[in-house]
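A short write-up of the structure that comes next.
Residue numbers (UniProt numbering): 1 to 321.
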C-alpha cells in the first residue's frame with residue numbers, strides 16, 4: 001500500500017556513516033546550507049555531532065579546514081570559546097589636551113574634597129557652639145543645684161530642731177553666731193582677694209618693667225660693635241654656665257645640710273656618738289695648738305743666729321748715727 005510507512009532502516013546511512021557517491025541519502029548534518037544563510041569565510045562550518053567525528057562530508061562552497069580539539073582553549077569545565085578583550089583602545093598621543101583633562105579631573109577632585117572639609121569644619125563649629133551653650137547651661141544648673149542643696153540643708157536642720165523641741169532662743173543665738181562667723185569669713189576672703197589683686201597688679205608692673213629693660217638692653221647690644229657683641233655673648237654663655245654650676249652646687253649643699261641635720265639628730269639621741277664627737281672636737285683643737293707651737297718653734301733662731309742678727313742691728317745703727 002502506498003500509504004504504508006516504509007521500514008525505519010530505509011534511507012538511513014550506514015552505521016559507520018560511510019557514504020558512496022550517488023548511493024543513498026547524505027546525512028542530515030552534512031546537507032548544504034540554505035542559500036539564505038550567509039557563511040563566514042573565516043569560520044569553520046559545524047558538522048554533525050562533535051568536532052573530529054568521522055563520516056562528515058563538507059558542504060559545497062565552504063572551506064574544508066581540518067578541525068583539531070587542541071586548537072581551542074580548554075578550561076576545568078571543558079571547552080570554551082575564545083574571549084575577546086573588553087578593554088578598548090587607549091589614547092596613543094598624550095598631548096596638551098590630555099594633560100589638561102587630567103589636571104581638570106584632579107582640580108575637580110580637590111574642589112570636592114575641599115568642599116567636604118569645609119562642611120566638616122562647619123559641622124564641627126556648630127557642634128562646638130552647641131557644646132559651649134550646653135556647658136554654660138550646665139554651669140548655671142550646677143550653681144542652682146548647689147544653692148538648692150544649701151536651702152535643703154537649712155530646712156533639714158530646722159526640721160531636726162523642731163523634732164527635738166529646741167527652744168527658739170537657742171535657735172536664734174545659733175543663727176546669730178553662724179551669721180557672725182560667716183560675716184567674718186566673708187571679710188577675710190574679701191581681704192585675701194584684694195591682696196591677691198594688688199600682688200597680681202604689682203607683678204604685672206614688674207613684668208612690664210623687665211620687658212622694657214630687656215628691649216633697651218637688646219637695642220644697646222645691637223648698637224655695639226661686632227667685637228663687643230662677641231665679647232658680650234661669650235660672657236653671657238659663661239654666666240649661664242656658672243649659674244648652672246651654682247644650681248648644682250646649691251643642690252649638693254642642700255643635700256649635705258640635710259645629711260648634717262640627720263647626723264645631728266642621730267647624735268643627739270646617742271650618748272656614745274655625742275661623746276665621740278666631743279673627743280673629735282678636742283682632738284682637732286689640740287692638733288691646731290700643736291701646729292701653732294711647731295710653727296713658732298721653727299720661727300725661733302738659734303743662739304748663734306740671734307747673736308749675728310743682734311750685731312748686724314748694732315752695726316746698722318752706728319752707721320746711721
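We put the CB at the ideal spot given by N, CA and C, even for glycine.
How many angstroms separate the CA atom of residue 264 from the CA atom of residue 256?
Going from the Cα of residue 264 to the Cα of residue 256 covers about 12 Å.
Rounded C-beta distance between residue 259 and residue 268? I'm assuming under 8 Å.
With a Cβ gap of about 15 Å, residue 259 and residue 268 do not count as contacting.
From what residue to what residue does the alpha helix (DSSP H) around residue 177 run?
Segment 168–223, the alpha helix (DSSP H) holding residue 177.
Suppose contacts are defined by Cβ-Cβ distances below 9 Å. Is residue 171 in contact with residue 179 by that definition?
Going by C-beta atoms, residue 171 is not nearer than 9 Å to residue 179.
Give the straight-line distance between the Cα atoms of residue 165 and residue 158, rounded to the nearest whole angstrom.
When rounded, the distance between both Cα atoms is 11 Å.
Between residue 211 and residue 227, what straight-line distance do the alpha-carbon atoms span, to the nearest angstrom?
When rounded, the distance between both Cα atoms is 26 Å.
Please state whether the Cβ-Cβ distance between residue 224 and residue 232 is less than 9 Å.
Against a cut-off of 9 Å, the Cβ pair of residue 232 and residue 224 comes out as a contact.
Applying the 10 Å Cβ sphere with the 16-neighbour rule, what's the burial state of residue 197?
Exposed, by the Cβ-count rule.
State the DSSP-derived secondary structure class of residue 281, mapped to helix, strand or coil.
Correct three-state label for residue 281: helix.
What did DSSP end up calling residue 165 once you bin it into helix, strand or coil?
Residue 165 falls in the coil class under three-state DSSP.
Could you compute how far the alpha carbon of residue 222 sits from the alpha carbon of residue 229?
Answer to the nearest angstrom: the Cα atoms are 8 Å apart.
What are the uninterrupted segments assigned as alpha helix (DSSP H) that are 4 or more residues long and contained completely in the stretch 236–299, given in chain order?
Counting only runs of 4 or more, we get 271–299.
Given this structure, state the Cα-to-Cα distance separating residue 194 from residue 187, to the nearest angstrom.
One C-alpha to the other measures close to 10 Å.
What residues in its chain sit with their C-beta under 7 Å from that of residue 148, if we drop five residues either side in the sequence?
Excluding positions up to five away in sequence, the list is empty.
Helix, strand or coil, according to DSSP, for residue 160 in the structure here?
Reduced to three states, the DSSP call for residue 160 is helix.
Measuring straight from C-alpha to C-alpha, what distance separates residue 134 and residue 121?
The alpha-carbon atoms of residue 134 and residue 121 are separated by roughly 20 Å.
Let me know the secondary structure DSSP gives residue 93 once reduced to three states.
If DSSP states are grouped into helix, strand and coil, residue 93 belongs with coil.
Taking all protein chains shown into account, do 16 or more other C-beta atoms lie within 10 angstroms of the C-beta of residue 112, making it buried, or fewer, making it exposed?
Exposed is the call here.
Do you know how far the Cα of residue 288 is from the Cα of residue 306?
Cα to Cα, residue 306 sits roughly 28 Å from residue 288.
Please report the distance separating the alpha-carbon of residue 220 from that of residue 209.
Answer to the nearest angstrom: the Cα atoms are 16 Å apart.
Less than 9 Å between CB atoms is the rule here; does residue 171 satisfy it with respect to chain B?
Among the chains of the structure shown, chain B does not appear; only one protein chain is present.
If you draw a straight line from the C-alpha of residue 308 to the C-alpha of residue 292, how long is it?
Their Cα atoms are separated by approximately 26 Å.
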